[in-house]
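Trainee: Numbering (the working numbering), first residue to last: 878 to 1335.
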Amino acid sequence: MNMKKLFSLVLALVLSLSLFAGCGSDSSTPPSTGGDSGSAPVENVTIQVAALHSAYLEAYPEMWQEICDAFTAQTGIKVELTVDKNLEDVLDPQMKAGNFPDVVHLAVGRPAALTETLIKENMLLELTDMLNMTIPGENVTVKDKLIPGFTDTAVTNPYSDGKTYLAPMFYGPCGLFYNKALFEEKGWEVPATWDGMWELAEAAKAEGISLFAYPTTGYFDAFTYALMNVVGGPDFFDKATHYAEGIWDTEEAKTLFEILDKLASYTEPSVPSNANNQNFLKNQQLLIDNQALFMPNGTWVTGEMADAVEAARANGNKFEWGFTALPALTEGGDAYSYTFFEQAWIPSESKHPEEAKQFLAFLYSDVAAEIFAKGNGIQPISGMTDKLEGENKLFYSIYDTGAKASMGNFAATDAVEGVSMANSMFAAVDSLVNGDITIDQYIAGIKEASDALREALK
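1. Taking only runs that begin and end inside the stretch 1169-1222, name each unbroken beta strand (DSSP E) of 3 or more residues, in chain order.
2. For a quick check, are the C-beta atoms of glutamate 965 and glutamine 925 less than 8 Å apart?
3. I need the straight-line Cα distance from lysine 1234 to lysine 1228, nearest angstrom please.
4. Report yes if the C-beta distance between isoleucine 1024 and isoleucine 1275 is below 8 Å; otherwise report no.
5. Taking the alpha carbon of glycine 1209 as the reference point, which residue from Tyr1036, Phe948, Ala1069 has its own alpha carbon closest?
6. Check whether the stretch 1287-1294 touches the stretch 1043-1063, counting contact only when three or more Cβ pairs, one atom from each stretch, lie closer than 8 Å.
7. Tell me, please, which residues DSSP counts as bridged to proline 1045.
8. Do you know offhand how far leucine 1163's Cα is from alanine 1169's?
9. Output the distance between the C-alpha atoms of threonine 1018 and cysteine 1051, rounded to the nearest integer angstrom.
10. When you compare each of Ala1304, Ala1288, Asn1153, Asn1009 to phenylalanine 1114 by their alpha carbons, which one comes out closest?
11. If you draw a straight line from the C-alpha of glycine 915 to the C-alpha of threonine 923, how long is it?
12. Quick check: methionine 1046 and phenylalanine 1171, are their CB atoms within less than 8 Å of each other?
13. Is it true that the stretch 1092-1099 meets the stretch 1297-1305, where meeting means three or more beta-carbon pairs spaced less than 8 Å apart?
14. In whole angstroms, what separates the C-alpha of glutamine 1318 from that of proline 1149?
15. Between the stretch 1075-1082 and the stretch 1026-1046, are three or more C-beta pairs nearer than 8 Å?
16. Do leucine 1008 and serine 1225 have their CB atoms nearer than 8 Å?
17. Is there contact here, the stretch 1233-1247 with the stretch 1106-1126, by at least three beta-carbon pairs under 8 Å?
18. Please classify aspartate 861: does DSSP put it in a helix, a strand, or coil?
19. Buried or exposed: which applies to aspartate 1307, given that a residue is buried once 16 or more other Cβ atoms fall within 10 Å of its Cβ?
20. Kindly indicate which residue of Pro1173, Lys1022, Asp1072 has the alpha-carbon position closest to the one of tyrosine 1241.
21. Got a sec? Which residues, its chain only, sit under 7 Å from lysine 1159 by beta carbon, not counting five neighbours each side?
22. Do alanine 936 and valine 960 count as a contact pair if the criterion is CB distance below 8 Å?
23. Taking Cβ positions, are leucine 1053 and proline 1173 nearer each other than 8 Å?
24. Give me, in chain order, the residues of the same chain whose beta-carbon lies closer than 6 Å to that of isoleucine 944; leave out the 5 immediate sequence neighbours on both sides.
25. Where does glycine 1064 sit, in a helix, a strand or coil, going by DSSP?
26. Please list the terminal residues of the continuous beta strand (DSSP E) segment that includes valine 981.
27. With the cut-off set at 8 Å, would you say glycine 1049 and isoleucine 1255 are in Cβ contact?
28. Excluding the 5 residues preceding and the 5 following threonine 910 in the sequence, name in chain order all residues of the same chain whose CB lies nearer than 7 Å to its CB.
29. Is there a Cβ of chain D sitting closer than 8 Å to that of leucine 995, yes or no?
30. With burial defined as no fewer than 16 other Cβ atoms inside 10 Å of the residue's Cβ, what is the status of leucine 1334: buried or exposed?
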């Protein structure tokens, strides 16, 4: 045997022994979960997770920390957690300095629009392959466990290219909340049509009660999206949210604006002054104090107002949460409830993208879903609604009692300086209620924004 063959034989033997030694290592050490061959071992990886301190955390303060601990226990990947009520104020300067978290839970539709900014600047990591990942600790993929439709929206797929960039989180029907006990006391029926709503508004006005209140104008996104479907169905909704030319001059748009204008006239006068992140609970209190009949909101409101409801009942005021979809235009027409869902995402500058995807996949596990549910955060996965009780059972059964679901929002565009559809259509409602602008001025602002954004549509 020559020296070359002998050297090859010895080298093969050494490699074989190394392989067996690796197979016999401590089984408690978690395996690697991905990344390129040059990535650090899992036990040396720490990912940065940033999450919004929202109403879910108010209901269960340990929620996100328990999620992170459970993920580490399952995968061996460590997590450093940042939670803040004003998460944008924390993240924005850090990201401008080049320090990006690996995972962020921050939905679109917030006033600071940080998520939308990153979408416009193409700074989110594509998550399509994450949908095909097996959920850590389970034998099912993310895609197979998600309720169908949640990754087929303009929110999760903002570039209309069939690719997913935002992961759906915490879904819930949004509609009109009311005091069921008050309606029973007065003998009032929940209106099935908008004509019925105006009749009720006059009856309530005679007793010193306003028809409508809203926490902040941010809640008009879900409300208006559902109303678009009420007045014109999915076709009108799709054209409106994609800035179709002439869409705001149609009969459907005229009906939409008539409803919004009339609703503004029936809104409790103090609402705009408290419609901000500091005082919005005062607007929600109007419902509990029977100063307003209906309020657009999501299922998290019961957690936000739990103490206020308990206090009201202790003072002898009857209160019971009621929930309904937006009324139809005509008897027998379609009523709609917008399905709100939050999102989590990975910045394209994440230092540990593969481990970050593992974390996102874990958020759909049964373990994570049970932790989230303690804070009323209901994940959009199969089997969750069967486990709900009490008020949540009422809210999530709205689609079983005739209401149709509406999902999606305005399509993403390149940034246009000084132009925001959210400002023109939603934030401007405060001015409409206050009388600072007329309905014609409101409409003109929407048309101007839509025209500008049409040219910038991605």
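Glycine included, C-beta positions come from ideal geometry on N, C-alpha and C. Please read all numbers here as calculations on a predicted model, not as lab measurements.
Mentor: A quick look at the data gives this:
1. 1169-1174, 1198-1201, 1213-1222
2. Result no, Cβ atoms of glutamate 965 and glutamine 925 do not sit closer than 8 Å.
3. 12 Å
4. no
5. Ala1069
6. In this structure the stretch 1287-1294 does not lie against the stretch 1043-1063, because fewer than three pairs of beta carbons, one per stretch, are closer than 8 Å.
7. In DSSP, proline 1045 forms a bridge with Gln1220.
8. 6 Å
9. Roughly 28 Å separates the two Cα atoms.
10. Ala1288
11. Below a pLDDT of 50, predicted positions are generally treated as unreliable, and glycine 915, at 37, falls in that range; no measurement from the model is reported.
12. no
13. yes
14. 18 Å
15. Of all C-beta pairs linking the stretch 1075-1082 to the stretch 1026-1046, fewer than three are shorter than 8 Å, placing the two stretches out of contact.
16. For leucine 1008 and serine 1225, no; Cβs fall outside 8 Å.
17. No, the stretch 1233-1247 does not touch the stretch 1106-1126.
18. Nothing about residue 861 can be read from this structure; the chain reaches only from 878 to 1335.
19. Buried is the label assigned to aspartate 1307, since at least 16 other Cβ atoms lie within 10 Å of its Cβ.
20. Lys1022
21. Asn1151
22. Contact: no.
23. yes
24. Ala1245, Ile1248
25. coil
26. 980-982
27. yes
28. Bear in mind that a pLDDT of 37 at threonine 910, under 50, signals an unreliable position, so the number given afterwards is only what the model happens to contain. Here the set comprises Val919, Thr952, Ile954, Glu1231, Glu1232, Gln1235.
29. Absent from the structure: chain D. Only one protein chain is present.
30. exposed
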